[in-house]
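Note sheet for the following structure.
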Amino acid sequence: MSERLAQVDVRRLVPRLVVGTVVIAALLYVIVIAQPPPEVGGNWRSTTFGSAFDDWRSFTRTLLNGLTFAGLLFIVASGFSLIFGLMRVVNMAHGSFYLLGGYIAYEVQQKMTGEQGYTIQGFNVNTWEWVFPALVAAGVIAVVGLVVQQVFLRWNQGQELRQALITIAISVIIADQVIAHFNEGLASSVTWPGWMNRLVELPLLGIEYSLTRLVVLCLGLAVGSALWLWLYRTRTGMVIRAGVDDQQMTSALGVNIQLTFAMAFIVGSALAAFGGAVGASQGAVAPGQDGQWLLNSLVVVIIGGLGSLLGAAAGSLLYGLVFSFSAVYLPTTGNNCCTQYSIVFTFILLALVLAFRPQGLFGKFS
Amino acid sequence: MTRDPKTLAERAIAVGVLVVAALGPLIFNDYWVDVILTQTLIVGIAAASLIFLAAYGGMISLAQTMLMGSAGFMIGNMVTKGGAGGESKGLTLGWDPTLSLALALVGTTVIGLLFGLVASRSTGIYFLMITLTYSVIGFYFVGQVTVVSGFSGIANINRYTPPFVGDMVNDRYRLYYIALGVALAVYALIRFALRTPFGLALQGVRDEPVRMSSLGYAVPLHRTLAFGFSSFLAALAGVLLVWWQGQIAPGDIGLQSTIDLLMVAVIGGLTRIEGAWVGALAFIVINNYVRDSWLTDLLDRVHVGGSFNTIIGLVFLAIVIFSPDGLIGAWERIWSFFGRAGGPDAPVVAPGPVSQEA
């Protein structure tokens, strides 16, 4: 018995126990312990909706909110992860590409629908008038990304910190230029096509849910499937995966690795811009969101592991769910409570993953 | 003891700078002393904490602004008084200023140790990313948790200063000299820390983590302690900052401020502590004199538009591309150029963490 005890590595056991306890406590709280808030006051068990048993529909809706947010997170963060995984470039301008993409989509949609300004109505927009602006944004930012990579990053490969600093400088310039040139730096919103602007009845779950959010989820899934097919079922994808594992060996085999790098940067930047167009349709883009989306991408890939498609998906899911649940399943004290502690949970999630697996859930040590 | 011309020149410059700084209020006008020089000293202390980590620990931290702000928010919550006037947001605990000062410094160091513990197993670009998330999370924390601040921040903090510090509101030269004293103390402290066994081991950890680990040194512990020490330095800067501006708001620790501090450190040079104040002076002078000048007019004329940020971004880009070890690096390069021309014992340019091949 004592021998078996001696084999237990305390340093490995403690983080596992901590993670397990936290996860089980959080699940118990959400599913059983939480209570709907009383008329006045509240205690540590009072949450916005109460537990999953009290209010099954709100629970499902929160779950779906988390999943749909994860869809958008995945679109943006997978591009970040792709660029890092292949080139070891941390593109600190990724959030700026998101922001710029959102604003370009806004401008193009305004031009197409006749400059109706911020209050453009959904029924004035058809599907093409949403798809085209998003594609233009993705295309323009793909070119911007390519130029940044060729001009600023190609000649200093391997100097990770210097490349990070260069992209920071570019993000500072882009942020300022967006304010100077796009809609006077006001918050701007792309409008979804009119047919999406409704609630749909979900079979089995028995709730109505916003169609646009489901579309975002589908877009995330579509991007994920396309990336998977590209990376795992084509020759280019094979080269990219080989480049991720061993760059020098791949180029020694006669592969033009520079071409692959350029391609990865084009796709990664285009994904950021496409995400920007989707994000601008869900809410709005505004100066300052570049930092927010840089953070989102960072959190997703730190959780999931840099350079892994599966990791980006897992990171998006975890982050999206934690974000969505902590917003409504935290103790509140009545309706006029204003304090949001949800951001603290993002940090707890990050700290738990890093303490347990510093390379992220699906990351590999290089 | 070798007395090469470069060391002599640097000593002469140091003495000159000290004399000018000590006589500051006699030489410069009030605007320069109160705004530019005091701010330079304070921002320089924060940048020194960043450069200390980068140059001697091999860790580029983007959390220093957040740590600086956390000291400011702590002291703001502790010293300000609530009540009928309702002059401030936050917890308005109304504690004794001396006690609050000590608690803010200790508290920020503890936060730094905890955050450093989580980040200590990563280096290089991973460390940069993790500390960036700390910084952004800190920003949203003080913004969202309205109990401690909210987006409008805490005001009137400089009315409650410890007795040994004195009146900050009416006597601004006082803050200038305090900041000067703290800056010199921070510089001396870093120089001292680097000569202790801890400082030497830290530099070993920077260069050869695996070898140090096999020699029996606890690598994550050294990184954590270094991060804690730099948090303490950042906390000093944070306290001075709230005394200087009187208030603190989440905007002070936002991404923009975080990147500003990084730019200060990089413009100065990530290889030597002195670069912190050189970079701070350059950044603040550009910030104050370029805002509405012929340069922004020129940007407008060529239809680029934009403001100070475009210009400082371009300056930053140029420095990272052409002189990655900053202005201090340019200085070293001038000497190595002359040294090479003069004789065989040319001073070697220290390879900075930025210019190193990864």
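Sequence lines, in order, name chains B and Z. Going by our numbering, 8 is the number at position 8 of the first sequence; the sequence numbering is gapless. Start counting at 1 in the second sequence, then tack on 1000, and there's your number in our numbering. Don't be surprised by glycine CBs; every beta carbon is placed ideally from N, CA and C. None of these values were measured; they are calculated from a predicted model.
Check, Outcome
"Is there at least one Cβ from chain B nearer than 8 Å to serine 1213 (chain Z)'s Cβ?", "no"
"What would DSSP say about glutamine 35 (chain B), mapped onto helix, strand or coil?", "strand"
"How about methionine 1078 (chain Z) and serine 1100 (chain Z): do their beta carbons lie closer than 8 Å?", "yes"
"Going by DSSP in three states, leucine 13 (chain B) sits in which element: helix, strand or coil?", "helix"
"With 8 Å set as the bound, which would you pick, yes or no: does the beta-carbon of glycine 268 (chain B) sit closer than that to a beta-carbon of chain Z?", "no"
"Using a Cβ cut-off of 8 Å, pull out every chain Z residue sitting near isoleucine 173 (chain B), in sequence order please.", "Gly1306, Asn1309, Thr1310, Gly1313, Leu1314, Leu1317"
"Run down chain B in chain order and give the residues with a C-beta less than 9 Å from the C-beta of glycine 1124 (chain Z).", "Glu160, Leu161"
"For arginine 1272 (chain Z) versus alanine 1055 (chain Z), is the C-beta spacing smaller than 8 Å?", "yes"
"Could you run through the region 1114-1139 of chain Z and flag, in chain order, every residue whose CB is less than 7 Å away from some CB of chain B?", "Val1118, Arg1121, Ser1122, Gly1124, Ile1125, Leu1128, Met1129, Ile1130, Leu1132, Thr1133, Val1136, Ile1137"
"List, in order along the chain, the chain Z residues whose C-beta lies closer than 8 Å to that of valine 90 (chain B)?", "Ile1125, Leu1128, Met1129"
"Where glycine 1268 (chain Z) and leucine 1023 (chain Z) are concerned, what is the direct C-alpha to C-alpha distance, given to the nearest angstrom?", "24 Å"
"From the DSSP output, read off the bridge partner residues of valine 964 (chain Z).", "In this structure chain Z extends from 1001 to 1358, so residue 964 (chain Z) is not present and cannot be described."
"Please tell me whether, using a cut-off of 7 Å, the distance from the CB of threonine 1108 (chain Z) to the nearest non-hydrogen atom of the ligand NAD is below it.", "The model on display carries no ligand, and the ligand NAD is accordingly not part of it."
"Tell me the DSSP bridge mates of isoleucine 174 (chain B)?", "According to DSSP, which records beta bridges pairwise, isoleucine 174 (chain B) is partnered with nothing at all."
"Tell me, please, whether the CB atom of leucine 1262 (chain Z) is closer than 8 Å to any CB atom in chain B?", "yes"
"Measure how close the beta-carbons of valine 1035 (chain Z) and proline 1025 (chain Z) come, nearest whole angstrom, since I'm counting them as under 8 Å.", "Contact doesn't hold; Cβ gap of about 13 Å is too wide."
"Going by the CB atoms, is the gap between valine 90 (chain B) and phenylalanine 84 (chain B) shorter than 8 Å?", "yes"
"Distance, Cα to Cα, glycine 79 (chain B) vs glycine 1238 (chain Z)?", "36 Å"
"Is the Cβ of proline 358 (chain B) closer than 8 Å to any Cβ of chain Z?", "yes"
"Taking the straight line between their C-alpha atoms, what separation do you get for phenylalanine 97 (chain B) and valine 267 (chain B)?", "12 Å"
"Please classify valine 202 (chain B): does DSSP put it in a helix, a strand, or coil?", "Position check: residue 202 (chain B) holds leucine in this sequence, whereas valine was assumed. Leucine 202 (chain B) falls in the strand class under three-state DSSP."
"Put lysine 1081 (chain Z) into one of helix, strand or coil per three-state DSSP.", "strand"
"Output, in chain order, the set of chain B residues within a Cβ distance shorter than 7 Å of isoleucine 1190 (chain Z).", "The premise fails here: isoleucine 1190 (chain Z) is roughly 21 Å from chain B at the closest Cβ pair, so nothing lies under 7 Å."
"By the 10 Å Cβ neighbour count, where 16 or more other Cβ atoms means buried, how is glutamate 1332 (chain Z) classified, buried or exposed?", "buried"
"Closest by CA to leucine 1075 (chain Z), which one among Z:Asp1297, Z:Leu1018, Z:Asn1158, Z:Phe1127?", "The identity of residue 1075 (chain Z) in the sequence shown is isoleucine, whereas the question assumes leucine. Among Z:Asp1297, Z:Leu1018, Z:Asn1158, Z:Phe1127, the Cα nearest to that of isoleucine 1075 (chain Z) is on Z:Asn1158."
"Alpha carbon to alpha carbon, how far is lysine 111 (chain B) from phenylalanine 53 (chain B)?", "49 Å"
"Determine whether the Cβ of proline 1324 (chain Z) lies closer than 8 Å to any Cβ atom of chain B.", "yes"
"Since leucine 1093 (chain Z) sits in a beta bridge, which residues does DSSP pair it with?", "Z:Lys1081"
"Short check: CB of glycine 1326 (chain Z) to CB of glycine 1279 (chain Z), under 8 Å?", "yes"
"Taking the beta strand (DSSP E) that isoleucine 207 (chain B) belongs to, which residues open and close that run?", "207-210"
"Considering only the beta carbon of each residue, do proline 36 (chain B) and threonine 127 (chain B) sit closer than 8 Å?", "no"
"Would you tell me roughly how many angstroms separate the C-alpha atoms of glutamine 208 (chain B) and serine 58 (chain B), rounded to the nearest one?", "The sequence given here places glutamate at residue 208 (chain B); glutamine does not occur at that position. Distance between the alpha carbons of glutamate 208 (chain B) and serine 58 (chain B): 11 Å."
"Using beta-carbon positions only, say whether proline 1250 (chain Z) and valine 1142 (chain Z) come within less than 8 Å of one another.", "yes"
"Distance cutoff 8 Å, beta carbons only. Does isoleucine 166 (chain B) sit that close to anything in chain Z?", "yes"
"Taking a cut of 9 Å between CB atoms, which residues from the region 302-321 of chain B lie near chain Z?", "Ile302, Leu306"
"Here's a check: name, in chain order, each residue in its chain whose Cβ is nearer than 6 Å to the Cβ of glutamine 1203 (chain Z), leaving out the five neighbours to either side.", "Tyr1056"
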